[in-house]
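One structure is given below, encoded as structure tokens.
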Amino acid sequence: MVARGRKRVAQDSEKGILSPPGYSAIPIKFSEKQQSSHYLYVREHKVREGTKSSWPQKRTLFVLNVPPYCTEECLSRLLSPCGPVQSVELQEKPDLAESAKEPKSKFFHRKPVPGFQVAYVVFQKPRGVAAALALKGPLLVSTESHPVKSGVCKWIRDYADSVPDPEALRVEVDTFMETYDQKMAEEEAKAKEEEGVPDEEGWVKVTRRGRRPVLPRTEAASLRVLEREKRKRARKELLNFYAWQHRETKMEHLAQLRKKFQEDKQRIELMRAQRKFRPY
Amino acid sequence: MGPAHKGAQHRGTAGELEVMASALEGTGKEGKKESSKKRSVAGSPAERLLQPVKLSRAELYKEPTNEELNRLRETESLFHSSLLRLQVEELLKEVRLSEKKKERIDAFLRKVNQRIMRVPSTPETELTNQAWLRDGVRVPLHQVPYTVKGCFRFLPPAQVTVVGSYLLGTCIRPDINVDVALTMPREILQDKDGLNQRYFRKRALYLAHLAHHLSQDPLFGSVRFSYTNGCHLKPSLLLRPHGKDERLVTVRLHPCPPPDFFRPCRLLPSKNNVRTAWYRGQSPSGDGSPEPPTPRYNTWVLQDTALESHAQLLSTVLGSASGLKDGVALLKVWLRQRELDKGLGGFSGFLVSMLVAFLVSTHKIHTTMSGYQVLRSTLQFLASTDLTVNGISLCFSSDPSLPALADFHQAFPVVFLDSSGRLNLCADVTASTCHQVQHEARLSMALLDSKADDGFQLLLMTPKPMIRAFDHILHLRPLSRLQAACHRLKLWPELQDHGGDYVSAALGPLTTLLEQGLGSRLHLLAHSRPPVSEWDISQDPPKHRDSGVLTLGLLLRPEGLTSVLELGPEADQPEAADFRQFWGSRSELRRFQDGAIREAVVWEAASMAQKRLIPHQVVTHLLMLHADIPDTCVHYTGGLLDALIQGLKETSSTGEEALAAAVRCYDDLSRLLWGLEGLPLTVSAVQGAHPVLRYTEVFPPTAVRPAYSFYEQLRERASLLPRPDKPCPAYVEPMTVVCHLEGSGQWPQDAEAIRRVRAAFQLRLAELLTQQHGLQCRATATHTDVLKDGFVFRIRVAYQREPQILREMRSPEGIISLRDTPASLRLERDTRQLPLLTSTLHGLQQQHPAFSGVARLAKRWVRAQLLGEELTDESLDLVAAALFLHPEPFTPPSSPQVGFLRFLFLISTFDWKNNPLIVNLNNELTAEEQVEIRSVFLATRTKRPVMVIVTPQDRKSSVWTQDGPSPQILHRLMVLAAEALPVLEKQLMDPWGPVDIRTVFRPPLDMYDVLIRLSPRHIPRHRQAVDSPAASFCRGLLSEPGPSSLMPVLGYDPPQLYLAQLREAFGDLALFFYDQHGGKVIGVLWKPTSFQPQPLKASNTKGRMVVSQGGELVMVPNVEAILEDFAILGEGLVQAVEARSERWTV
């Protein structure tokens, strides 16, 4: 297998690295020690006319197949020789819009375990993209000067990071709740203001809060009403009153038996096929 | 039968291999699940799925014919349901002899008759002069003592008659036997032949001569001797046809005396027919002591005289009624599945036919009854009648000369007289066999009455081998030891009666002894019956000691197992002497708290595991004391599997005590939570949600006492951190506890806001617990970790309405509807269903103390096979619970061993495709509801998970198997279980002890494409491995209690972290398998589908590279780089990455 592996690598160096049309491939390795490399497939980020994309045209490099150990900082460092990098964003799958800029709370949103990702790298100048497309590599993720942690060291660091700071958590919760309470109070006030006040055409909105609350508008409530109606109707019906009803119940019973019999026969057929009747 | 069986087995294993191969290929076909499911519907009939029946309206409502109505009515009145009727009919078809075969057998019988009549006569000689016998044939009888009076000559039989089940048409496959009675001419016999085994000697010589001549004949494939029903004085000759019919039939020849030759009054159970003086080889002593009666010897002679009359009786009763014949055939299958019909003293088919005849004569069975009803009535009778106390008789004459039933009860343990009133048909049946039959009948009746389950399958199709039916098994070997035991037990008259067969002579007294000694611990004691051996005519008959081993099965009573004390009578009572005599040196005087001074026996047992094994102590002690059988001759199989769930250091306990300690600590904590002051809302419920709290964690947690020097310390947060330069610290898994807070209008109605409020509560909880009870706590947004007495609990605050709020959706019209979302389902599962399940199973453990052991062994095994992560913990616990709640046709297991065997059996045989596994926790589901569940299941089969487990709390969704296993994994599990079960059973039934009990716990590794070997230094649970390492690394724990103010490292398990990374990065290329209990290897299986070259697409570039294939550019996995990634991601943990196959080459 090793021999075969070598052969393939050799092939690559002869023919040059293959890449999908429109992309160029950059080999990337974790460090010097590795024999074979993954390939980053990069191209300039372009969208069709009319599609909205928040990534700046011309200056954005779209990168496929970023290995799990390659972080945003790391990618930024690797691509900086091509020109100054403005931002790097790693994503699970290609997405045209930039993710919400609002930082996610580190207490309430766990950092996901990274797999292979895609990246959008925004250079300060369009020149950077062109340089990156011509990059030959292989890129090294972890070097002497910038070691990247993996394995046991990484897990220990992650564990240390996961030990929470209760004070920070408290502060965050308090601020969130303050804004939330404020928002709710505003809504409440608005609702109160509107209550009982007819709109332009004279309609008054009836809510649960008023003096005479109505049924809540939920599915469960409407189902309950329907159910009650049905029961009422069933109570009024007479069963086995007319001769034809009698006849029909009997026939129904027979039909049930027949259906059961067919089902049983099918079951038996299956069991016979599974040789379930040999007691030895 | 031997070779046939072997052949079948071979076929079986070959089939399995094929299945396995296909399973391997199939692994990882998730993407194609839909298509494969469709294929299986249309594919081979064995894999077919049940479809809901669709009948057209016209078909459903057409006018019924008379015939149809009759059949329906018959089904309703004679059978339980139409399904049962069909099943019974199918079964009978399967076991019945076909007409074609009958013709062949009849032809063979006619030829046999001719050949027998042609055997030449011999001149008369003394019985002791056997020189006339040709070479190549040996007398099939142990002639001890050899000297005996009388003369013998061979004459062709006066009459050859077929007797037994073949004529009646009640013989069942697979072993068809035809019994033929040969009436010896009167000239051969002399007066007083009933005495001193003379008749039996002549009978044996008669057969020997016959055997010699018949063996010359090319008609016969084999001519061998055997014992009739295992009785050592009565050999019979087995004839099998030559050629391809060899396995078709066995003709058994039984010589019998001419009618009215023996005077019946000489053969009553109180009479002696084996003189002590002759038997012991002494000159007759004239002291006039009465000769001991020889009831069994007399019965054996009587049996031969009554062969024909019994056949006649049965044919008159059963002859015309097909229902009765069906019933007898079903009863025979029933006995056969329970291994009750074989050997000396077995409950044979003949006996059961006679029983049916008895029930007909007492009008308990009517001739118009169906086979099912006959089965049911007979079982009902067996269940309710104790033949050891109230014997029954087929004889209705009131002749005063006949002996009374009481006389028979004195001579035999079990009494069932035939129509002559002189012959006890159950003479060889021991009391324990009779009780076993009664026990089985009771179980079966309960099953038939319960109606919910598939009674037919459990009653007639499920085998009950001894090892799976009894909690503990013990073997006595070598059997020659029993000879000494007979002398020690003073059983000389019995030996004389049994013609020297010390095994059967000792059996009765030994079982009685053990039954008395085990007392309240024992539910039922059963013994194996000596097997009926066959031997070549040129060999001597097998010795008594050659009949293998004597195996006893104990069915334990869990309530009785908890006590270590055997309370005797008060010291001054007269019974005290008996008690002392019975228990010997173990009995001692003790003073009790109520002031009484009593004799008592105390057994040493500290833990639950040891208490379960007290029967072992009792048995070895009593056997040594009363029967001189040393403990080296007793091989006790009861706790052999315990080693696999034992803690790391202690070997005396299987962890029940450690689990109970953790549960006690949890109880304390919940009391603290209830009494907490200063929370804005009060606590409305505290519920455990962790396997430890339902006693099913394989390795129970111990109190943690970290050695601080081993760790990095994070002082400001009072926590310990692992250090990269040390081995991985001990694994501490926090036990989840769900803490519900009362509802209040103050809770926000917005999902995000609720999370913040919960976080605030977590913080407050930590604060209060630290302030009021001085506990070390650490709060996060979702939980609070609490360190209490060395145990770490993870308290999760829950708000009852939260799942509801997550479900709310607003439709465009403004109607609020409830729809399940993944988040709401997860929350519902974690905060409602899991705690409920945990408390229910906790309750189950209180009822069945063996539950913990069974569930843990089961999980241990599944995880050891590297499949632990595919099946949820809860689903396995529920399967284990099913063994206790639905034990039919067994009783709930009382030892982990038998429970584990049944787990393997269930896993390997359950038809998950067509059945949900219903686990009726707390008995909440009624029979009707279960029927309903089954029919709904069938209708919605394709939408349900592969493995469906239904509980009263979870009737629709099967929460615990929702996300797995995949069909391939389940199949793999079934194959593994099917292979493990026979191996393990064979090891446990091996009387010389298993070679290595852990064999079935070692996973086969040859199926994996890549093996990732891990370094033990960073496996925190290294010591839990199946083959526990002799030495492992220090894990930073103190053995002495130390200060515990810092939170230990929680849930830090590098292999798990590594696996999470691997699955995230390469989950769509490969499957990863690992044993979380100290596994040193990760098995990687490439998914064949993802190795198909893919077209170029931005979404499937993950880990792949572009190659040119046939001039086209396609993407294939970059395997070399991925293999190196395995090592990079697990730096420090991974020792080596071994690629073992080239299956990825495309």
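Sequence lines, in order, name chains W and B.
Under the UniProt record's numbering, the residue at position 225 of the first sequence is numbered 225, and the numbers go up by one with no gaps.
Under the UniProt record's numbering, the residue at position 542 of the second sequence is numbered 542, and the numbers go up by one with no gaps.
Even for Gly, the Cβ is constructed at its ideal location relative to N, Cα and C.
First and last residue of the uninterrupted alpha helix (DSSP H) at residue i
i, result
"M271(W)", "A243 to A273"
"Q182(W)", "P166 to E194"
"Q987(B)", "P967 to M989"
"H213(B)", "R198 to S215"
"P27(W)", "Element bounds for P27(W): not the alpha helix (DSSP H) but the beta strand (DSSP E), S24 to K29."
"S105(W)", "No alpha helix (DSSP H) holds S105(W); DSSP gives it neither H nor E."
"C153(W)", "V152 to S162"
Three-state class that DSSP yields for residue i in the structure shown
i, result
"C665(B)", "helix"
"R233(W)", "helix"
"residue 1170(B)", "In the structure as shown, chain B begins at 1 and stops at 1146. Residue 1170(B) is therefore absent and cannot be evaluated."
"A42(B)", "Interpretation of A42(B) is limited by its pLDDT of 37, a score under 50 that renders its predicted location unreliable; the figure taken from the coordinates is listed afterwards. Residue state, collapsed to three classes: helix."
"F937(B)", "helix"
"F408(B)", "helix"
"D501(B)", "coil"
"G553(B)", "strand"
"I301(B)", "The question names Ile, but residue 301(B) in the sequence shown is Val. Three-state DSSP puts V301(B) in a helix."
"G221(B)", "strand"
"R723(B)", "coil"
"M1(B)", "Interpretation of M1(B) is limited by its pLDDT of 37, a score under 50 that renders its predicted location unreliable; no figure is taken from the coordinates."
"E924(B)", "coil"
"D106(B)", "helix"
"W1086(B)", "strand"
"N1118(B)", "coil"
"S1141(B)", "coil"
"A277(B)", "helix"
"E808(B)", "strand"
"residue 1151(B)", "This structure cannot speak to residue 1151(B), because chain B is shown only from 1 to 1146."
"S19(W)", "coil"
"C151(B)", "strand"
Short Cβ contact (8 angstroms threshold) for residue i with residue j
i, j, result
"I176(B)", "L988(B)", "no"
"A689(B)", "T838(B)", "yes"
"R545(B)", "P630(B)", "no"
"G521(B)", "L556(B)", "It is Arg, not Gly, that sits at residue 521(B) in the sequence shown. For R521(B) and L556(B), yes; Cβs fall inside 8 angstroms."
"residue 1147(B)", "T179(W)", "An answer regarding residue 1147(B) cannot be provided, because it is not within the stretch 1 to 1146 covered by chain B."
"Y711(B)", "P722(B)", "yes"
"V85(W)", "G137(W)", "no"
"D501(B)", "H232(B)", "yes"
"residue 1153(B)", "V946(B)", "Not covered by the structure: residue 1153(B). The range shown for chain B is 1 to 1146."
"P257(B)", "T299(B)", "no"
"T511(B)", "L525(B)", "yes"
"P1003(B)", "A1136(B)", "no"
Residue i - containing beta strand (DSSP E), residue span
i, result
"H254(B)", "T250 to C256"
"S87(W)", "V85 to Q91"
"R1013(B)", "V1010 to L1014"
Nearest-angstrom Cβ-Cβ length linking residue i and residue j, presumed shorter than 8 angstroms
i, j, result
"R233(W)", "L83(B)", "Contact flag wrong, Cβ pair sits at about 36 angstroms."
"T250(B)", "L238(B)", "5 angstroms"
Problem set entry | Unbroken stretches of the alpha helix (DSSP H), 4 residues or longer, contained in the stretch 842-879 of chain B | 851-864
Problem set entry | Length-filtered (3 minimum) beta strand (DSSP E) runs lying within the stretch 586-665 of chain B | 588-591, 597-602 and 634-637
Exercise. Which full runs of the beta strand (DSSP E) of 3+ residues lie inside the stretch 521-574 of chain B, going along the chain?
Worked result: 522-527, 534-536, 550-556 and 565-570
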